[in-house]
Amino acid sequence: MKCLLTILGIFWLTLGTAQTAAMGTIELEITGMENDEGQMLVGLYNTEEGWLLKPFKGAFGKIANGVTTVIFRDIPEGVYAISVFHDKDNDGKLNRLFGLPTERFGASNNAPSRFGPPKWRDAKFQLLGGTLKHSIQIH
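Just add 1385 to wherever you are in the sequence shown, counting from 1, and you've got the working numbering.
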């Protein structure tokens, strides 16, 4: 009887473990900065509704020789999109003049930004666990 309870206990533990979502890592390289001033602000989004409004995770990246590397760890499998911008003056916001950005920006998949911000459908990608390497060229 004691052996049966032990086996059932192990079964329930493994069942619970099997149902947890796999986790992954996103390694992001950002290029295209004109200089090393300021920092890169990075937003990782997990819903179309929250795209460019409410990031799932955020990060700051130090710029060295025109390149920034940001790593997001322990991210559940799913669909994501990334937005980035070069915060030259370290004020934490994308500066604009007459509604147009004055600081360089970009999105995952190098999604275009014609007549407005990049679209979720163009920027989204799927994380299937493991490590995903992604690069963004800002403009």
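A virtual CB, placed ideally from N, CA and C, is assigned to each residue, including glycine.
Can you tell me where the alpha helix (DSSP H) with residue i in it begins and where it stops?
i     : result
A1508 : W1505 to A1508
Can you list, in chain order, the residues of its chain with a C-beta nearer than 6 Å to that of residue i? Leave out the 5 residues immediately preceding and following it.
i     : result
K1555 : Residue 1555 lies beyond the range of the chain shown here (1386 to 1524); nothing can be said about it.
L1413 : V1455 and H1519
I1521 : I1415, V1469 and G1491
A1444 : V1427 and V1455
Using 8 Å as the threshold, is the C-beta distance between residue i and residue j below it?
i     : j     : result
I1523 : V1469 : yes
T1516 : G1409 : yes
G1451 : M1425 : no
At which residues does the beta strand (DSSP E) containing residue i begin and terminate?
i     : result
E1414 : M1408 to T1416
H1471 : G1463 to D1472
F1483 : Neither: F1483 is in no beta strand (DSSP E) and is coded neither H nor E.
I1521 : G1515 to Q1522
G1491 : F1490 to A1492
Expressed to the nearest angstrom, what Euclidean distance is found between the alpha-carbon atoms of residue i and residue j?
i     : j     : result
L1429 : N1420 : 24 Å
E1422 : K1473 : 6 Å
R1481 : F1490 : 12 Å
H1471 : S1493 : 15 Å
G1446 : G1435 : 22 Å
F1500 : A1406 : 37 Å
Residues in its own chain within less than 7 Å of residue i by CB, not counting five upstream and five downstream?
i     : result
D1476 : none
A1496 : P1503, K1504, D1507 and A1508
P1440 : G1428, L1429 and Y1430
L1512 : G1409, I1411, I1460, E1462, G1463 and Y1465
Exercise. Please specify which runs of the beta strand (DSSP E), each continuous and at least 3 residues long, are wholly inside the segment 1416-1459, giving them in chain order.
Key: 1424-1430 and 1442-1446, all fully within the segment 1416-1459.
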